[in-house]
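> Take a look at the following structure, please.
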Amino acid sequence: MKNAVCLLYANCIPVKGAQNSIICDLQRHNYIQIPTDLYDVLTIHKGKSIPEIKAAYENKYDKIIDNYFNILLDNEFAFLTDTPELFPEMNLEWEDPLEVSNAIVDFDESSSFDLQAVLEQLSELHCRFVQMRFYRKTSVDELREILDYLDSIQSNSIGIDFILPYWDKNENKDFVALFKAYKRMNSVNIYDSPYGKHIHPVGHSKYLIHTASKVVSEKSCGVIEKAFFSIHLKTFSEAQKHNTCLNGKVSVDKQGEIRNCPAMPESFGNVETIKLRDAIKDARFKKYWNLNKDQVEVCKDCEFRYICTDCRAFTVDSSNDKSKPLKCGYNPYTGEWKAWSENNLKQSLKTEIV
Ligand code: SF4
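Plus 604 on top of the position in the sequence shown (first one is 1) and you've got the working numbering.
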């Protein structure tokens, strides 16, 4: 294969940032950082044989080019072929037949809205995923009641994630029993736990997670960290044209106000007086759904823009709809991560936003 082409597997997609570039492996759910020179070799010279690429650089960088391709081949990001035309790129078009795909419902001591009515409406909208966040203690029995109600209305679509504070009256074995009894329960995330960080897998793709994190309110959300990157075909393709947090989302805050996210200022009515279906008809409700990271300041130059989540509730400049998420400490122009709260601009806000 003297004139072979070194081709990336279709699931391995290079993304260029201002300083660094990466290859996202959508099958193995990881990424590797690559020199931006290699990104250029892979994109500008895509389809050319290795000798042709070397010749394009007047054979000055033959060793470097060999080294680049050896790394890709050794790590199974690429393969050699004489027939590159037989290996088309992956289609990244994203479509969802459902208007509402995911929801957040918040509770604290003061919540008095009719949860069953909200769940019934989400079921009618065929919402697939509901995250229920408790800012007060809740018992395993209360969770069981919620799950029983969903079973009673034969809501086949809804999967549930619970986020709740540690309470010594709840035992791990009781949560495990819930997982076994209710297939729709995907995860339980217990914060402020004395056990620190502990991930307990329960069956296939189900997790009981303890963390030491303090979750005080909806203001605790929106943190951008590498650990939260999602390197999956579904999220990567959705991120090409849509917002990675708010697309297809409806939220009910702890007072029953319908919002894009519980931490966002604009309410589209209260669940006691308006149906979710009617609230989301307001054209302003979908204002952010198609705001992808290619339009967001700074993020548009970041190599992580298609695997990172977004936050429109807390941004660097709240008067600018396209401002960078406030709780991100990454600088794509230097390639450095810092704690988001270290930024001077953010120090003044830190007391209000956790
Ligand atoms: S700069 Fe933007 S895309 Fe990059 S890590 Fe931060 S929030 Fe994500």
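Ideal Cβ positions, reconstructed from N, Cα and C, are used throughout, including at glycine. Quick caveat, the model's predicted, so the values are computed rather than measured.
Could you give the residue range of the beta strand (DSSP E) that holds T685?
Element bounds for T685: A682 to T685.
> Skipping 5 residues on each side, what residues in its chain have a beta carbon closer than 7 Å to that of D700?
G852
> Could you give the residue range of the alpha helix (DSSP H) that holds I668?
D666 to D678
> Rounded to the nearest angstrom, how far is the Cβ of L702 from that of R737, given a contact under 8 Å?
No, L702 and R737 are not in contact; Cβ-Cβ is about 22 Å, not under 8 Å.
> Below 6 Å CB to CB, which residues in the same chain sit around I957 once its five sequence neighbours on both sides are set aside?
For I957, the predicted structure reports a pLDDT of 48, less than 50, and the residue's modelled location is therefore unreliable. A value from the coordinates is still provided. Answer for I957: K823 and F918, listed in chain order.
> Give every residue of the same chain whose Cβ lies closer than 8 Å to the Cβ of E876, excluding the five residues on either side of it in the sequence, and list them in chain order.
Excluding residues within five positions, the ones whose Cβ falls inside 8 Å are F717, D718 and G860.
> Hey, which unbroken runs of the alpha helix (DSSP H) at 4 residues or more fall wholly within the stretch 767-832?
776-785
> Exposed or buried, P798, counting other C-beta atoms within 10 Å across all chains shown (16 or more means buried)?
exposed
> Would DSSP call T919 helix, strand or coil?
strand
> Between which two residues does the alpha helix (DSSP H) carrying R748 extend?
In the DSSP assignment, R748 falls within the alpha helix (DSSP H) that extends over V744 to S756.
> For F683 and V820, what's the separation of their Cα atoms in angstroms?
One C-alpha to the other measures close to 49 Å.
> How many angstroms separate the CA atom of N706 from the CA atom of S653?
45 Å
> Only counting the same chain, and skipping five residues up and downstream in sequence, which positions put a Cβ closer than 6 Å to that of Q556?
The displayed coordinates of the chain run from 605 to 958. Any statement about residue 556 would go beyond what the structure contains.
> Pull the bridge partners of F733 from the DSSP assignment, please.
Partner(s): N706 and G763.
> For a test of the three-state rule: what should DSSP assign to F908, helix, strand or coil?
coil
> Quick one: what does DSSP say W941 is sitting in, helix, strand or coil?
Three-state result, W941: strand.
> Return the chain-ordered list of same chain residues with a C-beta closer than 6 Å to the C-beta of K606, the five sequence neighbours on each side being excluded.
none
> Using a Cβ-Cβ cut-off of 7 Å (strictly less than) and excluding sequence neighbours within five positions of F833, which residues of its own chain qualify?
F908, I911 and C912
> Cutting at 8 Å between CB atoms, please list the residues of its own chain near R888, excluding the five before and the five after it.
E870 and F872
> Name the residue from L690, C865 and V920 whose alpha carbon lies nearest to the alpha carbon of W893.
Closest option to W893, Cα to Cα, is C865.
> When the Cβ atoms of the stretch 842-849 are set against those of the stretch 679-695, are three or more pairs found closer than 8 Å?
When C-beta atoms of the stretch 842-849 are compared with those of the stretch 679-695, fewer than three pairs fall below 8 Å, so the two segments do not count as touching.
> Rounded to a whole number of angstroms, what is the C-alpha to C-alpha distance between L612 and D710?
43 Å
> CB-CB under 6 Å to S715, same chain, minus the five flanking residues each way: which ones, in chain order?
The residues K858, in chain order, have a CB closer than 6 Å to that of S715 in the same chain once the five nearest residues on each side in sequence are set aside.
> Does the separation of the CB atoms of Y795 and I767 fall below 8 Å?
yes
> Within the present structure, is the beta-carbon of R909 separated from the nearest heavy atom of ligand 1 by less than 7 Å?
yes
> Could you check if S855 is buried or exposed, using at least 16 other CB atoms within 10 Å of its CB as the buried criterion?
buried
> Need the endpoints of the beta strand (DSSP E) that P866 sits in, please.
Counting along the chain, P866 falls outside any beta strand (DSSP E), and DSSP gives it neither H nor E.
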